[in-house]
Every structure is written in structure tokens, then in C-alpha cells.
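A.B. asks: Residues 11 to 175 in the numbering used here are what the sequence shown spells out, letter by letter.
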Amino acid sequence: MHLAELNIAHLRAPIDAPELLAFVDGLQPINELADRAPGFVWRLKEDPNDPRATVQHVYGDHILVNFSIWESLESLWDFVYKTHHLEFLRRRREWFHRMAEPYFVMWWIPEGHIPSLAEAMDRLERLKARGPTPAAFTYKDSYSAEEAANWEAAEAARSATAPTG
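1. Looking at L30: is its Cβ nearer than 8 Å to the Cβ of L21?
2. Going by beta-carbon coordinates alone, are A19 and F106 separated by less than 8 Å?
3. Assuming R133 and L16 form a contact by the criterion Cβ under 8 Å, report the distance between their Cβ atoms to the nearest whole angstrom.
4. Would the beta-carbon of W118 fall within 8 Å of that of T143?
5. Among A164, A130, A27, which one has its Cα closest to the Cα of H72?
6. Do you know whose CA, among A167, L83, R46, F33, lies nearest S152's CA?
7. Ends of the alpha helix (DSSP H) at F98?
8. Could you tell me which whole beta strand (DSSP E) segments of length 3 or greater appear in the segment 101-127?
9. Per DSSP, which residues does F33 bridge with? Please list them.
10. By DSSP's criteria, F147 is part of a beta bridge. Which residues make up the other side?
11. How long is the line joining the alpha carbons of P125 and E56, rounded to whole angstroms?
12. Residues in the same chain with beta-carbon distance under 8 Å from E111, minus the five sequence neighbours each way, listed in chain order, please.
13. Taking the C-alpha atoms as reference points, what is the distance between E104 and V51?
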């Protein structure tokens with residue numbers, strides 16, 4: 011199993027605004043660092059040929075989407091908190107609005123599967139609606155791949171035996 015993660019952010023200004031210059035200038039080196047990080051598998055890009063590429067999404071004005079796949083929770087953690095990425099994370103309040111609802115979600119996927127952005131947004135909505143479960147969780151309330159597989163199997167069994175109406 012691999013770990014998928016979605017992180018959305020609401021920019022304080024348009025991506026080309028002067029107050030976001032330090033963030034924008036840091037995108038290429040941080041994305042290249044991620045691409046080379048141990049355990050990195052894939053990340054969503056608007057332009058596959060642009061190492062700086064991120065996704066500004068239609069879910070709202072100035073919404074930035076980071077969506078990636080990692081071999082493990084540990085490999086993602088190590089990239090986020092044990093590399094130069096941490097310096098950018100510490101500056102996030104300069105560039106992004108504080109969000110009142112969950113903006114980050116993780117879930118386990120079969121190796122080789124690349125979820126759609128719609129699936130990723132659905133996982134975030136699950137987290138918002140139900141709180142952390144093995145199908146949609148956070149660092150604070152994380153689940154192993156085995157727990158997720160067992161939970162998914164139990165959910166499928168419940169669905170199969172549920173009365174239809």
C-alpha cells in the first residue's frame with residue numbers, strides 16, 4: 011500500500027502578487043526536493059514539464075492544491091518535517107489564510123493506483139463529515155495500511171449485508 015495525501019491552502023493574494031514572491035520562488039526547489047525524497051512516488055501538477063507546477067483549483071478563488079503519493083507515512087513525515095520544506099511550513103501564515111475546517115487528509119491506496127483529484131476531495135469531505143477514520147485521517151489520528159484494509163473490508167461487508175430499500 012502507498013499513502014496518498016491532499017493538502018489545500020487558501021492564498022492570501024493571487025499567485026502572482028508581490029507578497030507571495032518568496033513562496034512562488036520556493037516552489038521549484040521544494041517540489042524538486044520532494045521529487046527526489048526517499049519514498050516519494052507521484053504528485054499532481056498542472057504542467058508535467060514544469061518542476062514549479064502546483065495546482066490552482068476551481069474549488070474557490072486562490073485555492074492551491076498539493077496532492078501526492080508516498081511509500082509510507084514515515085517518508086512523507088520525513089520530507090515535511092526533516093527537510094528544507096519545514097522552513098516553508100513555518101512561514102505558511104505569511105502566504106495562506108488560516109482555515110477553520112480540515113485542509114489536509116491522508117489515506118492508503120493500492121500501489122500503482124493514482125487517485126483522481128475528485129477522489130482526493132471526497133476523502134477530505136469524509137474527514138470533515140466523520141472525523142478521522144482509516145479511510146481519511148491526519149497525522150494526529152493516523153492509521154496503518156493494515157488498519158485501513160481491515161476497515162475497508164468491514165465497510166464492504168456491512169454494505170453487502172445492509173437491507174436495500
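Just so it is clear, CB atoms sit at the ideal spot from N, CA and C, and this is done for glycine as well.
C.D. replies: Straight from the coordinates:
1. It is a contact, given that the beta carbons lie within the stated cut-off.
2. Between A19 and F106, the C-beta gap is smaller than 8 Å, which places the two residues in contact.
3. About 7 Å separates the two Cβ atoms, so the contact holds.
4. No, these two residues do not count as a Cβ contact at 8 Å.
5. The residue with the shortest Cα to Cα distance from H72 is A27.
6. The residue with the shortest Cα to Cα distance from S152 is L83.
7. From DSSP, the alpha helix (DSSP H) with F98 extends over 95-100.
8. Runs found: 114-119.
9. Answer by DSSP bridge pairing: none, since F33 is not bridged.
10. When beta bridges are read from the DSSP output, F147 appears opposite M116.
11. Rounded to the nearest angstrom, the two C-alpha atoms are 15 Å apart.
12. Apart from sequence neighbours up to five positions away, the residues of its chain that approach E111 with a beta-carbon distance below 8 Å are K138, ordered along the chain.
13. Taking the straight line from one Cα to the other gives about 29 Å.
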